[in-house]
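Residue numbers (the working numbering), protein chains in the order written: chain R, 1 to 256; chain A, 257 to 575; chain Z, 576 to 882.
Here the structure comes first, spelled out in structure tokens, and everything after it is commentary.
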Amino acid sequence: MADPILRLEHLAKSYGALNVTQDVCLDVRPGEVHALIGPNGAGKTTLVGEIAGAVRPDAGRIVFAGRDVTHLGVAARARLGLGRVFQVSQVIGGFSARENVMLAALAHQGGPARGGAWRMWRPARADAALAGAAEAALARVGLGARADVPAGALAHGERRALELAMALVQAPKLLLLDEPMAGTGRAEGARLTDLLLGLKGTLPMLLVEHDTRTVFALADRITVLIGGAVAITGAPEAVRANAEVRRAYLGEEEAV
Amino acid sequence: MSAMAARLNSKPGLAALAVALAFLVALGLAYGLGSTYWMATLARMAALALSAVSLSFLVGQAGLVSFGHGAPVGIGAYALLVAGEYGMSDLLVVLPLAFLAAAAFSALTGAIALRTRGVYFIMITLAFAQMAYYVAASLSAFGGDDGMALAARSTLLGARVLRRDHGLALLAILLLGLALFLLGRLAASKFGLVLRAAKDNEQKVTALGLSPYGHRLAALALAGGAAGLSGALLANQAEFVAPAYMNWHVSGLAIVMVALGGAGHLVGGVIGAVVVTLLDEALGHYTQYWKLGLGLVVVGAALLRAGDLRRLLAGGARG
Amino acid sequence: MSTVLLVSQILNGLQLGVILFLVAAGLTLVFGVMDFINLAHGVQYMLGAYLVATLVRWTGHFAVGLALGLAGALVLGFLMELLVFRHLTRRDHLEQVLGTFGVILVVTEGVRMIFGPAPLALPIPAALSGSVTLFAGLNYPLWRLVILAVGIAVALLLWVLVHRTRLGMRVRAGSTHPQMVAALGVDIDRLFLCVFAFGAMLAGLAGAMAGPLISIEPGMGDNVLIIAFVVVVIGGIGSIKGAFVGALAVGLVDTLGRAYAVDLLRLVLSKPAAATAGPALSSMLVYLLMALVLGLKPSGLFGARKA
Chain R
1 MADPILRLEH LAKSYGALNV TQDVCLDVRP GEVHALIGPN GAGKTTLVGE
51 IAGAVRPDAG RIVFAGRDVT HLGVAARARL GLGRVFQVSQ VIGGFSAREN
101 VMLAALAHQG GPARGGAWRM WRPARADAAL AGAAEAALAR VGLGARADVP
151 AGALAHGERR ALELAMALVQ APKLLLLDEP MAGTGRAEGA RLTDLLLGLK
201 GTLPMLLVEH DTRTVFALAD RITVLIGGAV AITGAPEAVR ANAEVRRAYL
251 GEEEAV
Chain A
257 MSAMAARLNS KPGLAALAVA LAFLVALGLA YGLGSTYWMA TLARMAALAL
307 SAVSLSFLVG QAGLVSFGHG APVGIGAYAL LVAGEYGMSD LLVVLPLAFL
357 AAAAFSALTG AIALRTRGVY FIMITLAFAQ MAYYVAASLS AFGGDDGMAL
407 AARSTLLGAR VLRRDHGLAL LAILLLGLAL FLLGRLAASK FGLVLRAAKD
457 NEQKVTALGL SPYGHRLAAL ALAGGAAGLS GALLANQAEF VAPAYMNWHV
507 SGLAIVMVAL GGAGHLVGGV IGAVVVTLLD EALGHYTQYW KLGLGLVVVG
557 AALLRAGDLR RLLAGGARG
Chain Z
576 MSTVLLVSQI LNGLQLGVIL FLVAAGLTLV FGVMDFINLA HGVQYMLGAY
626 LVATLVRWTG HFAVGLALGL AGALVLGFLM ELLVFRHLTR RDHLEQVLGT
676 FGVILVVTEG VRMIFGPAPL ALPIPAALSG SVTLFAGLNY PLWRLVILAV
726 GIAVALLLWV LVHRTRLGMR VRAGSTHPQM VAALGVDIDR LFLCVFAFGA
776 MLAGLAGAMA GPLISIEPGM GDNVLIIAFV VVVIGGIGSI KGAFVGALAV
826 GLVDTLGRAY AVDLLRLVLS KPAAATAGPA LSSMLVYLLM ALVLGLKPSG
876 LFGARKA
């Protein structure tokens, strides 16, 4: 089997006496959708921070795309190909959707505008390659017709799709999705799930999600986090059957 | 950002040309009427506008509210004075010198100041400007607290082109137009895109793999350099340089200009500078307490959410 | 370096420190509770001095004048908050700087119009004038000791108010978690009004205490304002403890710097060079201190949050 794209080795993080991450080991294999679930307070948010580079773990190692990135910051990990969709949509509200994706494309090393973030003379909008890449990414997430709308004026689900387009345009080696379904309505959520299903297989994803319906629809493997530690990692059926998981987490949701 | 500002942002050349033409027409009128007073005032106005435009770039494009913009202005002025004392007074020497000295100061202090955010940034830029002020006040060879008169205005290849105020005004208008054009290009470039994005949402910009620190530092240096040129012009106009160039009131007034004119577009800096200078001149004629009138206008503008005089002038008001 | 000089300079520094604390206390709370940058706080200091000086002359009685003056400063604080500052609190910092800078211009020029540019005198009350012998060789002005005592008393009072009362708890919570406090149903606007007016009165008290030592003139608030900002930023925005520590540090550094900068520079520089650089260095010391603190701790010593 090929090397995993992301490997967490014995990650630990505590705030005072509170151990929010305990000896977490996890890997994401090329092409798979790996879901991370757990009840509230299981330490998902902290773990996402540790993977993204915003939270420094007390112990352990993070290997991404074959490199030890434990001591790299957020921007450096992003440049190595870690794409991210935030729990609360993070877009540049004053920019149009197109400008948002152009910015993302600009930041992508080896993308259409290599080293372009320091270009001081040519107007950004005059770069056809950049605009073309943005256009394509927007079309891919179904926002082709909304390219000129200010991101701040987009609907909730659209903003999430825009964030996805911003991640996709950077051709990430791994997509880190932090609760993409949070706050979406039923129809929006279904559309988003379809979108992610369409992307499945084209790039590996680590899906941190509360909504079990989405998780079981998308995931190849699931890791359950309880009390900051990994309770089980396995195929959806195995996780569904696990007694401890049922008790701690799935018990609250009958429909699974 | 208003539609008008967006349109102006996409045409930096047009904005620069329009501003330069307006100033040139006014200068032509003053020249035709033989009013040395208005020619001098226009020269000062254009120089102040240059400083306000550079601050407007920092505030509006980079989101960096510097409360120490008087420092690079004053450093530009002192560069001119010091160079003059060493016998260098050619514009081709002193202007680059003023630019570089002010840009270097802004970059060095900015490297530390950029570690902070928000109010802390406002305050640390103020602190650095105060330091520059006290250093200038201690330069006893250059007049100390009281400042010092220039030996003569700058020359161009030996020609005394700035001898009369209309020559100085022309130079100021040229530099102002150039700054508007170049900073406007910069704002519309990919560099400017990153600056504005980081102003809007720094967390996202970082998560995209960009580190805005370098961009901000470069913006500070460039704007500081432009402010230095403004200082060199002001020093030529007054033929006098003193620590008062860096007084915190000067920095505050620069912010007032930017906020009055609207930080959404660089031209806002020009509008603010013109309004403040005209108020200064108009009220100054009638009362020694002209600052009271200026203060009332400023408070009124802030309360009315004017923030953007252009909207008021256009008759539009935002709720 | 004589002990007498050193002790008296340290006392001077502490006394400057408590004056700064009185000004900075209101500033830091207003900063913290409302994320409001108030450049016009120095104006309150100046108004306090003018009010007390005028009322002392009218009433012919220091204590009565002081009490009336402080009440006046409190009322002016309420008025200014209702008329101007209230409307600026939810704006961005640029608009706050614009509005409060305008207030400085208006009030400073207004005072100049009413009282004229000439400084006003505020005599030290007879009972508190003169000096006391602290130890052999050191006669220290009694009034400066009074300032120290008042400053420390106010600091203690504030500590009790902020840490031991319901109102104080709200203020503390408001300066760190404003959304949460608002969500709990505390009327942030009214809280702000009280904090603001109280801060204005403390600044006025500082102006009145300093009045007899300096000349009371319209621009007197400017320099104090800038130094008070330095104090607030060093201490960390919103932190009373930070303001106290910052104020004493700034007071000591500034005073001792002015007293000893030239002597210290003589150790590394020639005499004329030290004589030139000394005054500049001593004026810059507090700003250097601030740059140093922010360079190491970008949110100040006791900053509760990233601003």
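All residues carry an ideal CB built from backbone N, CA and C; glycine is no exception.
A quick note: this is a predicted structure, and the numbers were derived from the prediction, not measured.
9 Å Cβ cut-off: residues of chain A touching residue i
i                      : result
residue 90 of chain R  : 457, 459, 460 and 463
residue 166 of chain R : 460 and 464
Counterpart residues of residue i in DSSP-defined beta bridges
i                      : result
residue 716 of chain Z : Z:706
residue 77 of chain R  : DSSP output for residue 77 of chain R lists no bridge partner at all.
residue 404 of chain A : A:497
residue 96 of chain R  : R:150
residue 582 of chain Z : Bridge partners of residue 582 of chain Z: none, in fact.
residue 268 of chain A : DSSP lists no partner for residue 268 of chain A.
residue 411 of chain A : A:346
residue 123 of chain R : A:445
residue 174 of chain R : R:82
Residue range of the unbroken alpha helix (DSSP H) whose run includes residue i
i                      : result
residue 421 of chain A : 421 to 444
residue 40 of chain R  : No alpha helix (DSSP H) contains residue 40 of chain R, which DSSP labels as neither H nor E.
residue 15 of chain R  : Run containing residue 15 of chain R: none in the alpha helix (DSSP H); it sits in the beta strand (DSSP E), 6 to 15.
residue 83 of chain R  : That residue, residue 83 of chain R, is in no alpha helix (DSSP H); its beta strand (DSSP E) goes 82 to 85.
residue 813 of chain Z : Taken as a continuous stretch (DSSP letters only), residue 813 of chain Z belongs to no alpha helix (DSSP H), as it is neither H nor E.
residue 141 of chain R : First-last for residue 141 of chain R: undefined, no H or E at that position.
residue 398 of chain A : From DSSP, residue 398 of chain A is part of no alpha helix (DSSP H); its letter is neither H nor E.
residue 312 of chain A : 292 to 312
residue 462 of chain A : 458 to 463
residue 157 of chain R : 156 to 168
residue 866 of chain Z : 846 to 871
residue 649 of chain Z : 637 to 658
Collapsed DSSP secondary structure at residue i in the structure displayed
i                      : result
residue 231 of chain R : strand
residue 71 of chain R  : coil
residue 224 of chain R : strand
residue 22 of chain R  : strand
residue 181 of chain R : coil
residue 797 of chain Z : helix
residue 788 of chain Z : coil
residue 60 of chain R  : strand
residue 829 of chain Z : helix
residue 318 of chain A : coil
residue 695 of chain Z : strand
residue 668 of chain Z : helix
residue 27 of chain R  : strand
residue 33 of chain R  : strand
Residue i: contacting residues in chain A (beta-carbon distance under 8 Å)
i                      : result
residue 883 of chain Z : The question about residue 883 of chain Z has no answer, for chain Z in this structure spans 576 to 882.
Per-residue contacts from residue i into chain A (C-beta, under 7 Å)
i                      : result
residue 205 of chain R : Per Cβ cutoff of 7 Å: no residues; residue 205 of chain R is ~16 Å from chain A at best.
residue 851 of chain Z : 394 and 396
residue 137 of chain R : Here the premise fails: no neighbours, minimum Cβ distance about 13 Å.
Residue i: first and last residue of the uninterrupted beta strand (DSSP E) it sits in
i                      : result
residue 370 of chain A : Residue 370 of chain A -> no beta strand (DSSP E), and no H or E assigned at all.
residue 208 of chain R : 205 to 208
Where residue i meets chain Z, residues with beta-carbon distance less than 7 Å
i                      : result
residue 504 of chain A : 801
residue 379 of chain A : 804 and 808
Validate contact between the segment 613 to 633 of chain Z and the segment 787 to 795 of chain Z using beta carbons, cut 8 Å, 3 pairs: Because the criterion of three Cβ pairs below 8 Å is met, the segment 613 to 633 of chain Z and the segment 787 to 795 of chain Z touch.
Report yes or no: do three or more beta-carbon pairs, one from the segment 597 to 610 of chain Z and one from the segment 803 to 810 of chain Z, lie closer than 8 Å? Yes, since at least three Cβ pairs between the segment 597 to 610 of chain Z and the segment 803 to 810 of chain Z fall closer than 8 Å, the two stretches touch.
Report yes or no: do three or more beta-carbon pairs, one from the segment 90 to 102 of chain R and one from the segment 35 to 55 of chain R, lie closer than 8 Å? Because the criterion of three Cβ pairs below 8 Å is not met, the segment 90 to 102 of chain R and the segment 35 to 55 of chain R do not touch.
For the structure I just gave you, are there three or more beta carbon pairs, one from the segment 496 to 516 of chain A and one from the segment 323 to 342 of chain A, closer than 8 Å? As far as the Cβ criterion goes, the segment 496 to 516 of chain A touches the segment 323 to 342 of chain A, which means the pair count is three or higher.
Contact between the segment 579 to 589 of chain Z and the segment 761 to 770 of chain Z is defined here as three or more beta-carbon pairs at a separation below 8 Å; is this criterion met? In short, these stretches do not touch, since the Cβ pair count stays below three.
Spell out a yes or no on whether the segment 172 to 186 of chain R and the segment 466 to 480 of chain A are touching, meaning 3 or more CB-CB pairs, one atom from each, closer than 8 Å. No: the two stretches stay apart, fewer than three of their Cβ pairs being nearer than 8 Å.
Validate contact between the segment 489 to 496 of chain A and the segment 414 to 429 of chain A using beta carbons, cut 8 Å, 3 pairs: By the Cβ criterion, the segment 489 to 496 of chain A is in contact with the segment 414 to 429 of chain A, since at least three pairs of Cβ atoms, one from each stretch, lie closer than 8 Å.
Can at least three beta-carbon pairs, one atom from the segment 423 to 431 of chain A and one from the segment 269 to 283 of chain A, be found at a separation below 8 Å? The segment 423 to 431 of chain A is in contact with the segment 269 to 283 of chain A.
Are at least three pairs of beta-carbons, each pair with one atom in the segment 303 to 318 of chain A and one in the segment 512 to 529 of chain A, less than 8 Å apart? The segment 303 to 318 of chain A is in contact with the segment 512 to 529 of chain A.
Can you find at least 3 beta carbon pairs, one from the segment 51 to 70 of chain R and one from the segment 120 to 138 of chain R, that sit closer than 8 Å? In short, these stretches do not touch, since the Cβ pair count stays below three.
Between the segment 206 to 221 of chain R and the segment 157 to 173 of chain R, are three or more C-beta pairs nearer than 8 Å? Touching, no, given that fewer than three Cβ pairs across the two stretches are closer than 8 Å.
Any contact of the segment 168 to 175 of chain R with the segment 75 to 92 of chain R, i.e. 3+ C-beta pairs under 8 Å? The answer is yes - the segment 75 to 92 of chain R touches the segment 168 to 175 of chain R, with three or more Cβ pairs under 8 Å.
Could you tell me whether the segment 777 to 787 of chain Z touches the segment 608 to 615 of chain Z, where touching means 3 or more Cβ pairs closer than 8 Å? No, they do not touch.
State whether the segment 732 to 750 of chain Z contacts the segment 807 to 817 of chain Z, with contact taken as three or more CB pairs (one from each stretch) at a distance under 8 Å. Touching, yes, given that three or more Cβ pairs across the two stretches are closer than 8 Å.
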